[in-house]
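Novice: One structure follows; several queries about it will come next.
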């Protein structure tokens, strides 16, 4: 089961309500006649939409971007692995390329040294006495 946020559910509801009669049993993402949308059709559509915006983009770019955004918004790597349907963490690691800024931000959030020193410790205060 894939969890969906309310805005996603609302968008899917809008899509489904605009379908012709007789499409009740068709998949959510269907071709022009109600048959399942083929991967190649989806890829062509994504590329065409990207081209309109002056971008070179593939469906896999969207998947990679979604994984990276999940991590940037605070999802842990195991959750991202499950959402992407990867059987191993290694697959997820090859999918997501963190930037140097992502690494700095993650380190700042963890604040390992600050938690050892105590938040707000004066800069010149001696922490350990010998």
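In UniProt numbering, the protein residues as written are 1 to 130. C-beta atoms are modelled at their ideal positions from N, C-alpha and C, and glycine is treated no differently.
(1) Just the C-alpha distance for residue 31 and residue 11, rounded to the nearest angstrom, thanks.
(2) Any idea what DSSP makes of residue 36, helix, strand or coil?
(3) Going by C-alpha distance, which of 41, 98, 20, 83 is nearest residue 4?
(4) Using 7 angstroms as the threshold, is the C-beta distance between residue 29 and residue 37 below it?
(5) Residue 59 by DSSP, collapsed to three states: which one?
(6) Would you say residue 12 lies against chain D (beta-carbon separation less than 7 angstroms)?
(7) Pull up the distance between the alpha-carbon of residue 75 and that of residue 47, whole angstroms please.
(8) Can you check whether the CB of residue 23 is closer than 7 angstroms to the CB of residue 34?
(9) List the endpoints of the continuous alpha helix (DSSP H) containing residue 12.
(10) Short of 8 angstroms in beta carbon distance, which residues of its chain neighbour residue 41, apart from the five on each side in sequence? Order them along the chain.
(11) For residue 30, which residues does DSSP report across the bridge?
(12) Count the other CB atoms, across all protein chains shown, that sit within 10 Å of the CB of residue 90; report buried if there are 16 or more and exposed otherwise.
Specialist: According to the structure shown:
(1) Whole-angstrom Cα-Cα distance: 18 angstroms.
(2) Looking at residue 36 - three-state DSSP - the assignment turns out to be strand.
(3) Residue 83 is the option with its Cα nearest to residue 4.
(4) yes
(5) helix
(6) You won't find chain D in this structure, because it holds only one protein chain.
(7) 28 angstroms
(8) yes
(9) 6 to 17
(10) 31
(11) 36
(12) When all chains shown are included, residue 90 counts as exposed.
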